[in-house]
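Chemist:
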Amino acid sequence: MRMATSRSEIVKPDFAAGRRHFIFGDEHDQLRESIRAFALKELAPHADEWERTTFPDSVFHRMGELGFLGLDKPERYGGQGGDYYTSLVLAEELVHGDSGGLAMGVAVHTDMAMPPILAFGSEEQKREWVVPAIAGQRILCLGITEPDAGSDVAGIKTRAVRDGDEYVINGSKTYITNGHRADAIVLVTKTDPDAGYDGFTLFLVPMDSPGVTREKRLEKLGMHASDTALLAFQDVRVPETAVLGEVGKGFYHIMWELQGERLIGAAGCVAGAQKCFDRTLRYALERKAFGREIGRFQVIRHKFAEMATKIETARQLVYTTAWRHQNGEYPVREISMAKLHAARIAVEVADECIQIHGGAGYMREYGVERVWRDMRLNRIGAGTDEIMLDVIGRSYGL
Ligand SMILES: Cc1cc2nc3c(=O)[nH]c(=O)nc-3n(C[C@H](O)[C@H](O)[C@H](O)COP(=O)(O)OP(=O)(O)OC[C@H]3O[C@@H](n4cnc5c(N)ncnc54)[C@H](O)[C@@H]3O)c2cc1C
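Residue numbers 4 to 401, in this note's numbering, belong to the letters of the sequence shown in order.
#1: Look at the Cβ atom of Y322, then the Cβ atom of L91, and state whether they are nearer than 9 Å.
#2: Taking Cβ to Cβ, would you say T204 is nearer than 9 Å to A163?
#3: Measure the C-alpha to C-alpha separation of D238 and L221 and round it to an integer number of angstroms.
#4: Please identify the residue among P119, V273, V335 whose C-alpha is closest to the C-alpha of R397.
#5: Consider the C-beta atom of K176 and the heavy atoms of ligand 1; say whether any pair is separated by less than 8 Å.
#6: List, from N- to C-terminal side, the alpha helix (DSSP H) runs of 4 residues or more that fit wholly inside the region 91–178.
#7: Would you say the region 278–286 touches the region 171–187, given that touching needs at least three Cβ pairs under 8 Å?
#8: What is the rounded straight-line gap between the Cα of S11 and the Cα of G84?
#9: So who's on the other strand from K44, going by DSSP bridges?
#10: Report the three-state DSSP secondary structure of V321 (helix, strand or coil).
#11: Report all residues from its chain with a CB closer than 6 Å to the CB of R295; omit the five preceding and five following residues, and keep chain order.
#12: Using 10 angstroms around the beta-carbon of P196, count the other beta-carbons present and answer buried if the total reaches 16, otherwise exposed.
#13: For the alpha helix (DSSP H) that R299 lies in, which residues bound it at each end?
#14: What would DSSP say about D238, mapped onto helix, strand or coil?
#15: Work out the CA separation of I13 and I179 for me, nearest whole Å.
#16: Here's the rule: buried if 16 or more other CB atoms are within 10 angstroms of the residue's CB, otherwise exposed. What is V156?
#17: Given a cut-off of 9 Å, decide if E95 and G271 are closer than it, judged by their beta-carbon atoms.
#18: Taking the beta strand (DSSP E) that T204 falls in, what are its first and last residues?
#19: Name the DSSP beta bridge partners of T216, please?
#20: Enumerate in chain order the residues of its own chain whose CB-to-CB distance from H256 is below 7 Å, with the five nearest sequence positions on each side excluded.
#21: Which word fits M4, buried or exposed, when buried means at least 16 other C-beta atoms lie within 10 angstroms of its C-beta?
#22: What are the partner residues of K291, as DSSP defines its beta bridges?
#23: Does DSSP put I359 in a helix, a strand or coil?
#24: Rounded to whole angstroms, what's the CA-CA distance from D186 to E131? Just pull it up for me.
#25: Nearest chain C C-beta to E52 closer than 9 Å, yes or no?
Here it is, written out as structure tokens:
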């Protein structure tokens, strides 16, 4: 135990300790290295261009080829059969692609749309959609939000009505990531408006079904490399085999899905904040004002100390919650805390990094303004800060 020392020995603090967290092993380190190398070599050089054009579908093909789209998915569907932490590693290392939009598009595919198919889908649905999705040959999206209902999921209006051995779907979904490029959508509908929370059903709908219209491409504050769609469903007929999971259990299925989505999002926030911190630290050690590096001013030093403390607390919360999840718990309270805290601190860190850069921080060239714009989404998407606070508060019986 290094901490207990004798009078003769002076123990120096391990400020530069690079010890990995206990949830990770050698295999995670190797995976980390290969994803990082891929992101730096094949993604980052295109980040600026993809901000204008959105990233191409070939990124999915390439990531499928490399085995990155099914890291924690079962081997029998083409996945790598890894633990949940491999998914965290992907979320963390993709930040080196310098594109929040790309990381989000990939996460929607791997950690939002795919898990409910694997958890609740039939063998046929898994073979038809998960296998090619892991291979990067088919792209998935997830449709919960509607023009009149986002936080209030139970308030959605998209209806699926049974007609013989088919269902007829009518309604619309908005802000759907990958909505323009996806081959299929995991769609939340209402099948029985009088049944309360037991009146919802998920469907797995091919996006080329007659009656599905990809309406406009929505313009956003950030995440420009992702495509975001408004979708319309008009008399879309699907066979009953398109039901995903149990009829009437869709609300519970999607609440389960949201937990994984939130934890992965939180991991991405921490990694994004860390990357912005590192970049800004380099800047603060180079940029001079009043005869010294700006990082040597106590005020700036304290800003870094505050940021580092925020990042570390969020990271510990994410890792410990991931450990609970990996070990069989369903830690909704902690996931909500991790999502809330990581999203908040990521925005605060990005904002402070702009400040430390001065005018340069406001310029596109330095990339920190983009981190702020991209990160800002995380306080809204996958459940707003206010909804996270409500979930946490209610978990205490309030
Ligand atoms: C870029 C982007 C990508 C997205 N991708 C997807 C996607 O792929 N699929 C998908 O389904 N959705 C997606 N979303 C939608 C996102 O999940 C919703 O925007 C989010 O859940 C909030 O819903 P809303 O926009 O309808 O806001 P609203 O629900 O209208 O909320 C407005 C405000 O009211 C507050 N509020 C609402 N209810 C309460 C309450 N009970 N207590 C306190 N405050 C409350 C909210 O916190 C918020 O501040 C995306 C959104 C964006 C911006």
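Built from N, CA and C at the ideal position, the CB exists for glycine as well.
Modeler: On the basis of the supplied data:
#1: yes
#2: yes
#3: 24 Å
#4: V335
#5: yes
#6: 103–110, 117–123, 134–137
#7: no
#8: 50 Å
#9: According to DSSP, K44 bridges with nothing at all.
#10: helix
#11: none
#12: exposed
#13: Run containing R299: none; DSSP gives neither H nor E here.
#14: strand
#15: 57 Å
#16: buried
#17: yes
#18: 203–209
#19: A235
#20: P119, F123, L205, G248
#21: The pLDDT assigned to M4 is 49, lower than 50, so where the model puts this residue is not dependable; a value taken from the coordinates is nonetheless given after this. M4 comes out exposed.
#22: E296
#23: helix
#24: 11 Å
#25: Any reference to chain C falls outside this structure, which holds one protein chain only.
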